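**Student:**
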Ligand SMILES: NC(=O)c1ccc[n+]([C@@H]2O[C@H](COP(=O)([O-])OP(=O)(O)OC[C@H]3O[C@@H](n4cnc5c(N)ncnc54)[C@H](OP(=O)(O)O)[C@@H]3O)[C@@H](O)[C@H]2O)c1
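In full-length UniProt numbering, the protein residues as written are 1 to 264.
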């Protein structure tokens, strides 16, 4: 089985030794699934997670069917400390180091501020900010001890550019974006690279209902279209790879150019 190992400078290379694991939260669908399939193709053994046991199993099977190695774990990360249970399950299940962590599971329900319940606010922060915080606390120290590792947080264009009625979600993604920098300060000197990918409008299940309404908006993007999950998955893959060995603490926009160009 191929695995991925790193040297003391944080550079990595594929070797034939112990399996190197990538944990991708929310990899039963969308962007996370694309990242999981890509990382498996790059030689990582992959922990596939999501809420739907059926979808988790489908992606696990897809990876194994392509000659890769994967385990599936079902976990809902919207509870206050739900990620601790996932971390325990992962530790019990893997047979090698977790060298890559992709904090991808995210989302939330959108509403005007006055209509956002305490519970909606808490879920937004639990899922988009606290779960990554717990998982980094669980796996970054091991990476730092081994002197290698890559953490990729999946943020959002909306952590830097606001839309009305999404304050809790946007604030949670903003917190995640700042934690990328905090963790770069904390773990970077010990060989762990932490970066964020900020998707714009990507054609996944969460956006299924909005496609007609967004057609006009998408035509104003320099790319002129919405993104495919694989296009974000490829960015995640790149940031996990040896090709990104000198990239620490950045936010990589994968948004068809929205971050750069005013829509006139
Ligand atoms: N699509 C976009 O346009 C867009 C734009 C900006 C940012 N993003 C961010 O990109 C990430 C992935 O989004 P996506 O578009 O790929 O969404 P998606 O296609 O709906 O996939 C979401 C994944 O996360 C899992 N998930 C959702 N809620 C969860 C929870 N409470 N606990 C555990 N897992 C949960 C889902 O599991 P199940 O399917 O098994 O329920 C699924 O695997 C999110 O962080 C999102 O905020 C997406």
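Just so you know, even glycine gets a beta-carbon here, dropped at the ideal spot from N, CA and C.
Treat the numbers as computed from the prediction; the structure is a model and nothing was measured.
Please determine, among 82, 39, 25, 34, the residue with the shortest C-alpha to C-alpha distance to residue 49.
**Tutor:** It is 25.
**Student:** I'd like to confirm something about residue 77: is its beta-carbon nearer than 6 angstroms to some heavy atom of ligand 1, or not?
**Tutor:** Result yes, Cβ under 6 angstroms from ligand 1.
**Student:** Report yes or no: do three or more beta-carbon pairs, one from the region 84-96 and one from the region 59-66, lie closer than 8 angstroms?
**Tutor:** Verdict: no, contact absent.
**Student:** Please report how far the alpha carbon of residue 115 lies from the alpha carbon of residue 168, in whole angstroms.
**Tutor:** The alpha-carbon atoms of residue 115 and residue 168 are separated by roughly 11 angstroms.
**Student:** Extract the residue ranges of the alpha helix (DSSP H) inside the region 104-188, only unbroken runs of 4 or more that lie entirely within it.
**Tutor:** DSSP runs (the alpha helix (DSSP H)) wholly in the region 104-188: 118-125, 131-146, 167-187.
**Student:** At a threshold of 6 angstroms, does residue 199 count as lining ligand 1 (C-beta to nearest heavy atom)?
**Tutor:** True, at least one ligand heavy atom lies under 6 angstroms from that Cβ.
**Student:** Does DSSP classify residue 76 as helix, strand or coil?
**Tutor:** Residue state, collapsed to three classes: coil.
**Student:** Which residues does DSSP list as the beta-bridge partners of residue 198?
**Tutor:** Answer is 253.
**Student:** How about residue 143 and residue 197: are their beta carbons less than 7 angstroms apart?
**Tutor:** No, Cβ-Cβ distance for residue 143 and residue 197 is not below 7 angstroms.
**Student:** For residue 258, name the three-state secondary structure that DSSP assigns.
**Tutor:** Coil at residue 258, not helix or strand.
**Student:** Round the Cβ separation of residue 170 and residue 158 to the nearest angstrom and send it over; I've been treating them as touching at under 8 angstroms.
**Tutor:** Indeed they touch by this definition, with Cβ atoms about 5 angstroms apart.
**Student:** What are the residues that DSSP puts in a beta bridge with residue 71?
**Tutor:** Note: residue 71 sits in a beta bridge opposite 47.
**Student:** Do residue 132 and residue 104 have their C-beta atoms within less than 7 angstroms of each other?
**Tutor:** Not closer than 7 angstroms, so no.
**Student:** By how many angstroms is the C-alpha of residue 220 removed from the C-alpha of residue 71?
**Tutor:** C-alpha separation (whole angstroms): 41 angstroms.
**Student:** Less than 6 angstroms separating the Cβ of residue 23 from some heavy atom of ligand 1?
**Tutor:** For ligand 1, not one heavy atom lies less than 6 angstroms from the Cβ of residue 23.
**Student:** Measure the Cβ-Cβ separation of residue 256 and residue 188 and say whether it is below 7 angstroms.
**Tutor:** Not in contact: residue 256 and residue 188 (Cβ atoms no closer than 7 angstroms).
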